[in-house]
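Residue numbers (this note's numbering), protein chains in the order written: chain A, 1 to 174; chain B, 1 to 526.
Everything below concerns the one structure shown next.
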Amino acid sequence: MKKGIICLLIFLLAATLPTIALAHSLLLSVLDNEDGTVTVEGTFSTGESAEGAKIIIESLQTGQVLFEKRLPEESELTINIPEEPYQIVLDGGPGHSIIKPGLAPPGGFAKAAMENQTVQAQLATVSITPANPWPVISRGAAFATAFVLFGLTLYFCHRNTSKLMTAMKKKNSV
Amino acid sequence: MNTTVASKVSKQRLRRVHTVVGLPLALLFYVILFFGILTIFKPYITVWEKPSRHLAIQETGTVSYTEMVDSLLADPDFPRNKIEIQLPGLDPTVVIRHVFTDRFVFDPAATKRNTDESYKSSFLAFFFKKMHYDALLKLPGRIIFGLGSVAILLLLIGGIIQVARVRYSKTTTRSITFFSLWHRKVLLWLSPALILLVWHGAVLNLALVSAPPMFSMVAEDTSTGFIEVMTSIVRSPAHQVKKAGSSAEMLPIETLMKKARQLAPDITFTKAYLYQWGDANAQFEIRGINPYKPFTHGTSSFPTIVLQGVDGSVVKQTEALDAPWYRIVLDAIAFLHLLPDQGVGVRLMVAFFLAVATFSLCFGILLWLEKQSRAFARELPYYHWLGKLSLAVTIGVFPATAVAFNLQWLLPMELDDRLFYQQAAFTNVWLATLTWAFFRLDSIIAARELLLLGGILFLAAPVVHWLSSGFSPLALWQLNMDTILGVDIALILLGAVLILAARFLPENSQELPSYFKLQLKKEISV
Chain A
1 MKKGIICLLI
11 FLLAATLPTI
21 ALAHSLLLSV
31 LDNEDGTVTV
41 EGTFSTGESA
51 EGAKIIIESL
61 QTGQVLFEKR
71 LPEESELTIN
81 IPEEPYQIVL
91 DGGPGHSIIK
101 PGLAPPGGFA
111 KAAMENQTVQ
121 AQLATVSITP
131 ANPWPVISRG
141 AAFATAFVLF
151 GLTLYFCHRN
161 TSKLMTAMKK
171 KNSV
Chain B
1 MNTTVASKVS
11 KQRLRRVHTV
21 VGLPLALLFY
31 VILFFGILTI
41 FKPYITVWEK
51 PSRHLAIQET
61 GTVSYTEMVD
71 SLLADPDFPR
81 NKIEIQLPGL
91 DPTVVIRHVF
101 TDRFVFDPAA
111 TKRNTDESYK
121 SSFLAFFFKK
131 MHYDALLKLP
141 GRIIFGLGSV
151 AILLLLIGGI
161 IQVARVRYSK
171 TTTRSITFFS
181 LWHRKVLLWL
191 SPALILLVWH
201 GAVLNLALVS
211 APPMFSMVAE
221 DTSTGFIEVM
231 TSIVRSPAHQ
241 VKKAGSSAEM
251 LPIETLMKKA
261 RQLAPDITFT
271 KAYLYQWGDA
281 NAQFEIRGIN
291 PYKPFTHGTS
301 SFPTIVLQGV
311 DGSVVKQTEA
321 LDAPWYRIVL
331 DAIAFLHLLP
341 DQGVGVRLMV
351 AFFLAVATFS
361 LCFGILLWLE
371 KQSRAFAREL
381 PYYHWLGKLS
391 LAVTIGVFPA
401 TAVAFNLQWL
411 LPMELDDRLF
421 YQQAAFTNVW
431 LATLTWAFFR
441 LDSIIAAREL
451 LLLGGILFLA
461 APVVHWLSSG
471 FSPLALWQLN
481 MDTILGVDIA
491 LILLGAVLIL
501 AARFLPENSQ
511 ELPSYFKLQL
521 KKEISV
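Here you go:
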């Protein structure tokens with residue numbers, strides 16, 4: 001029995017591994033051309049082209065969109081590497097985005113050190129607004145209700161079993 | 001051991017294996033079947049649940065698609081290749097989307113864009129579908145349901161062997177023989193269809209999950225993934241159109257659709273695709289189903305017509321049986337399970353037979369419980385945890401589902417976490433029916449109460465819908481909203497059936513024997 005459970009657990013663990021290969025999913029590849037540009041290619045896991053998917057270059061320092069364009073028929077774009085740290089987003093529509101960190105140009109990012117201080121200063125002035133507690137309360141209430149119901153089920157099971165046992169003993173003694 | 005004894009022992013083993021495997025899996029199979037029956041009507045429930053779909057159904061020929069597409073193409077950033085247009089049918093709206101953009105929903109009568117409810121605010125039909133194949137447990141759920149489906153397959157085949165080898169009583173004067181007869185008879189008649197359905201379900205859940213690692217192990221060329229290879233076999237190659245590079249005037253989409261209808265009058269068209277729209281080489285593809293050739297297409301292959309966008313000349317036309325034989329076989333296998341673009345008649349028929357199979361499944365559980373209860377006196381209610389759990393799963397699911405239907409229109413669409421409240425209420429109501437089943441000593445009384453509650457809640461759901469949506473049944477009828485009115489009528493009928501079923505059951509378990517003309521003096525009592 002124990003061996004069976006262990007085997008099942010191993011199987012379930014192994015079965016979680018191919019999740020990436022399971023769905024018809026978008027793939028993003030980034031190639032450093034070593035001339036200050038990168039080539040970004042988007043495809044589907046089925047091999048189909050991802051023409052029309054949007055490539056967005058976002059600054060990691062300011063959050064600004066530095067570059068934005070939809071993939072053409074060839075499904076790839078060659079983009080100049082920005083002077084600041086960035087990330088590459090392949091926007092495949094709602095809920096389907098792939099993000100990869102941007103590759104640095106030869107010689108590193110020019111704007112990284114200077115702007116870091118500005119970002120730190122900006123972060124320090126951001127006020128922290130209190131989070132809305134309602135979702136936590138409602139989830140807690142729902143799970144608490146479920147536990148209470150389950151507890152009541154066990155209680156009624158015990159109570160009714162005792163009742164029936166008493167009734168059976170009485171019947172047998174008569 | 002002589003052959004008579006050996007034969008008896010093997011028959012005994014067959015029955016015991018069937019019982020031991022069948023009891024735990026019966027409830028899982030019931031859940032799969034129950035939500036499977038609801039999923040059969042998913043296209044109707046999807047329309048019923050959304051305010052944006054409360055529109056009059058328009059004839060496809062009167063809709064101005066060109067205007068709708070042009071309003072989206074006015075944005076220069078909108079992709080122009082492989083724009084999908086979902087034609088109005090059960091869903092009265094025109095839905096235009098690209099795989100890399102949001103869905104745009106249009107009111108076909110006014111050609112104006114509606115706000116579409118996202119999955120975060122309206123998820124009811126899809127929720128029932130998820131309950132059917134993974135109970136919202138994602139990958140572990142798919143594996144559990146898949147493994148369960150394999151075991152159910154073995155039960156079905158084992159059951160057929162059992163019926164062939166064991167001589168069963170044909171009388172129905174006792175509860176045990178009644179349950180046994182109808183459990184065997186119905187499932188035997190429906191076994192070919194059920195075996196096909198369960199096998200296909202096991203493939204979708206389990207085979208697709210376990211195939212990728214096996215594929216990686218055996219494939220010599222690892223540059224191509226499993227999904228790519230599978231798609232190349234299962235699906236016809238995606239239609240590709242190369243850009244000419246120069247722009248050109250397109251024929252109106254309505255003209256192209258009219259031409260397609262003239263070329264293939266038998267086809268019910270469901271979707272259209274625009275390739276490189278606005279380019280000199282633009283093409284228009286329209287696909288659908290041939291209702292006169294079921295079991296031949298719909299999942300892997302479709303009848304399609306491809307026309308040039310500039311002048312409407314035919315580029316390609318394929319019929320239902322033009323696909324390779326292996327895709328036709330795949331479609332035939334998948335047809336009963338997926339019912340691709342089928343009408344209400346086919347869906348009702350399949351749902352009816354599955355409902356009968358579900359009843360028959362419950363008789364199997366009742367059979368075992370009746371046999372166990374023979375050891376106890378009839379004067380005391382039989383109190384067994386499996387009986388109570390079965391009651392909650394098989395009958396308690398009705399009030400829980402009815403609550404989900406009611407909350408769909410009770411909760412405001414703009415409410416944050418709307419889905420959570422709906423699904424939490426569904427789960428807690430179902431759990432509460434388990435608590436009630438254990439609270440009541442007598443299961444018959446609990447069953448009557450739960451059926452009555454479910455019936456009342458199902459009767460209330462359409463009323464809540466009419467009040468909340470602002471559409472009365474008469475307005476739905478007059479405005480030609482047949483799909484939505486049909487769902488309301490179905491909910492009312494289901495509620496009425498549940499209330500009648502509650503009335504049909506005996507008052508308590510003491511009266512059960514009279515239903516089956518049981519001879520009390522022959523019962524074993526402790």
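Even glycine gets a Cβ: it sits at the ideal position worked out from N, Cα and C.
Note that the structure is predicted; figures quoted are calculated from it, not measured.
As assigned by DSSP and simplified to three states, the class of residue 383 of chain B: As a working mapping, residue 383 of chain B is identified with position 383 in the second sequence. It is coil, neither helix nor strand.
Member of B/495, B/305 and B/227 whose CA lies at the smallest distance from the CA of residue 258 of chain B:
One-based indexing of the second sequence puts residue 258 of chain B at position 258. Ranking the options by Cα distance to residue 258 of chain B, first place goes to B/305.
Roughly how many angstroms separate the alpha carbons of residue 178 of chain B and residue 371 of chain B, rounded to a whole number? Translated into positions along the second sequence, residue 178 of chain B becomes position 178. Translated into positions along the second sequence, residue 371 of chain B becomes position 371. In a straight line, the C-alpha of residue 178 of chain B is about 12 Å away from that of residue 371 of chain B.
Cα separation between residue 160 of chain A and residue 441 of chain B? On the first sequence, residue 160 of chain A is found 160 positions in, with the first residue counted as 1. On the second sequence, residue 441 of chain B is found 441 positions in, with the first residue counted as 1. So the alpha carbons of these two residues sit roughly 7 Å apart.
- Message: Check this for me: beta carbons of residue 86 of chain A and residue 57 of chain A, under 7 Å apart or not?
- Response: Residue numbering aside, residue 86 of chain A sits at position 86 when the first sequence is read from its first letter. Residue numbering aside, residue 57 of chain A sits at position 57 when the first sequence is read from its first letter. Yes, they are a contact pair.
Taking CB distances under 7 Å as the criterion, tell me whether residue 75 of chain A reaches chain B.
For the purposes of this step, residue 75 of chain A is identified with residue 75 of the first sequence, where counting begins at 1. Chain B contact via Cβ: absent.
Is residue 81 of chain B helix, strand or coil by DSSP?
In the second sequence, residue 81 of chain B corresponds to position 81, counting from 1. Coil.
Quick check: the Cα distance between residue 75 of chain B and residue 69 of chain B, rounded to an integer number of angstroms? If you number the second sequence from 1, residue 75 of chain B lands on position 75. If you number the second sequence from 1, residue 69 of chain B lands on position 69. Approximately 11 Å, taken between the alpha carbons.
Chain A residues whose Cβ lies nearer than 7 Å to that of residue 79 of chain B: Position 79 of the second sequence, counting from 1, holds the residue named residue 79 of chain B. Per Cβ cutoff of 7 Å: 52 and 70.
Q. Closest to residue 355 of chain B by CA distance: which of B/30, B/243, B/138 and B/25 is it?
A. Working through the second sequence from its first residue, we reach residue 355 of chain B at position 355. Selected option, being the one with the closest Cα: B/30.
Subject >> Cβ neighbours of residue 89 of chain B in the same chain (closer than 6 Å, five flanking residues each side left out) >> reply: Locating residue 89 of chain B in the second sequence gives position 89, where the first residue counts as 1. So the list is empty, once near-sequence residues are dropped.
Using 8 Å as the cut-off, can you tell me whether the segment 3-19 of chain B makes contact with the segment 306-324 of chain B, which would need three or more C-beta pairs spanning the two stretches below that distance? no
| task | Return helix, strand or coil for residue 405 of chain B, following the three-state DSSP convention. | result | Translated into the one-based positions of the second sequence, residue 405 of chain B becomes position 405. DSSP places residue 405 of chain B in helix when its eight states are reduced to three.
* Asked: Would DSSP call residue 219 of chain B helix, strand or coil?
  -> By 1-based counting over the second sequence, the position of residue 219 of chain B is 219. It is coil, neither helix nor strand.
Margin query: With a threshold of 7 Å between beta carbons, is residue 144 of chain A in contact with chain B?
Written below: On the first sequence, position 144 is the one that residue 144 of chain A refers to. No - not a single Cβ of chain B is within 7 Å of the one on residue 144 of chain A.
* Asked: For residue 155 of chain A, which of helix, strand or coil comes out of DSSP?
  -> On the first sequence, residue 155 of chain A is found 155 positions in, with the first residue counted as 1. In the structure shown, residue 155 of chain A sits in a helix (DSSP, three-state: H, G or I).
*Proximal chain B residues relative to residue 94 of chain A, where beta-carbon distance stays under 8 Å*: Position 94 of the first sequence, counted from the first residue, corresponds to residue 94 of chain A. Correct list: 102 and 118.
| request: Tell me whether residue 107 of chain B is buried or exposed, calling it buried when 16 or more other Cβ atoms sit within 10 Å of its Cβ. | output: For the purposes of this step, residue 107 of chain B is identified with residue 107 of the second sequence, where counting begins at 1. So residue 107 of chain B counts as buried.
**Item:** Span of the beta strand (DSSP E) around residue 272 of chain B
**Value:** As a first step, residue 272 of chain B must be located in the second sequence, where it is residue number 272. Residues 268-275.
Strictly below 8 Å CB to CB, what residues from chain A border residue 243 of chain B?
As a working note, residue 243 of chain B is residue 243 in the second sequence. Those within 8 Å of residue 243 of chain B in chain A are 73.
Grouping DSSP H, G and I as helix and E and B as strand, with all else coil, what is residue 81 of chain A?
On the first sequence, residue 81 of chain A is found 81 positions in, with the first residue counted as 1. Note: residue 81 of chain A maps to coil in three-state DSSP.
Exercise. Is the Cβ-Cβ distance between residue 299 of chain B and residue 338 of chain B less than 7 Å?
Worked result: If you number the second sequence from 1, residue 299 of chain B lands on position 299. If you number the second sequence from 1, residue 338 of chain B lands on position 338. Yes, Cβ-Cβ distance for residue 299 of chain B and residue 338 of chain B is below 7 Å.
Closer than 7 Å, Cβ to any Cβ of chain B: which residues of the segment 25-50 of chain A, in chain order?
45, 46, 47 and 48
Quiz item: Which first and last residues belong to the alpha helix (DSSP H) in which residue 97 of chain B is found?
Solution: Here residue 97 of chain B corresponds to residue number 97 of the second sequence, with the count starting at 1. No alpha helix (DSSP H) contains residue 97 of chain B, which is instead part of the beta strand (DSSP E) from 94-97.
So, at 7 Å on beta carbons, what are the nonlocal neighbours of residue 448 of chain B in its own chain, with the 5 sequence-adjacent residues on each side left out? For the purposes of this step, residue 448 of chain B is identified with residue 448 of the second sequence, where counting begins at 1. Within the same chain, residue 448 of chain B has close Cβ partners 502 and 505.
- prompt: Three-state secondary structure (DSSP) at residue 14 of chain A?
  reply: Position 14 of the first sequence, counting from 1, holds the residue named residue 14 of chain A. Because residue 14 of chain A sits at a pLDDT of 43, beneath the cut-off of 50, its placement in the model cannot be relied upon, and the point is left open.
Straight-line CA distance for residue 67 of chain B to residue 96 of chain B? For the purposes of this step, residue 67 of chain B is identified with residue 67 of the second sequence, where counting begins at 1. For the purposes of this step, residue 96 of chain B is identified with residue 96 of the second sequence, where counting begins at 1. Cα to Cα, residue 67 of chain B sits roughly 12 Å from residue 96 of chain B.
- Message: Ignoring anything shorter than 3 residues, give me the beta strand (DSSP E) runs that lie fully in the segment 43-74 of chain B, in order along the chain.
- Response: none
Integer-rounded CB distance, given that residue 289 of chain B should sit under 8 Å from residue 270 of chain B = Here residue 270 of chain B corresponds to residue number 270 of the second sequence, with the count starting at 1. Here residue 289 of chain B corresponds to residue number 289 of the second sequence, with the count starting at 1. Between residue 270 of chain B and residue 289 of chain B a beta carbon distance of about 7 Å is seen, short of the 8 Å cut, so the two are scored as contacting.
Check: Counting contacts by CB-CB distance shorter than 7 Å, is residue 505 of chain B in contact with chain A?
Finding: Residue 505 of chain B sits at position 505 when you count from the first residue of the second sequence. Closer than 7 Å: no.
Q | Where the beta strand (DSSP E) containing residue 283 of chain B begins and where it ends | A | Numbered from its first residue, the second sequence carries residue 283 of chain B at position 283. Start and end: 283-289.
Mark residue 392 of chain B as exposed unless 16 or more other C-beta atoms lie within 10 angstroms of its C-beta, in which case mark it buried.
-> Along the second sequence, read from residue 1 onward, the residue named residue 392 of chain B stands at position 392. Result: buried.
Suppose you measure from the CA of residue 455 of chain B to the CA of residue 426 of chain B; what does that come to, to the nearest Å?
Here residue 455 of chain B is taken as the residue at index 455 of the second sequence, counted from 1. Here residue 426 of chain B is taken as the residue at index 426 of the second sequence, counted from 1. Take the alpha-carbon of residue 455 of chain B and the one of residue 426 of chain B: they are about 16 Å apart.
Would a C-beta distance cut-off of 7 Å place residue 148 of chain B and residue 25 of chain B closer than the cut-off? Mapped onto the second sequence, residue 148 of chain B falls at position 148. Mapped onto the second sequence, residue 25 of chain B falls at position 25. Yes; because the gap between Cβ atoms is below 7 Å, this pair is in contact.
**Asked** Which runs of the beta strand (DSSP E) spanning at least 3 residues fall entirely within the segment 332-380 of chain B, listed in chain order?
**Response** none
Measure from the C-beta of residue 135 of chain A to each C-beta in chain B and report whether the shortest distance is under 7 Å.
Translated into the one-based positions of the first sequence, residue 135 of chain A becomes position 135. Residue 135 of chain A counts as touching chain B.
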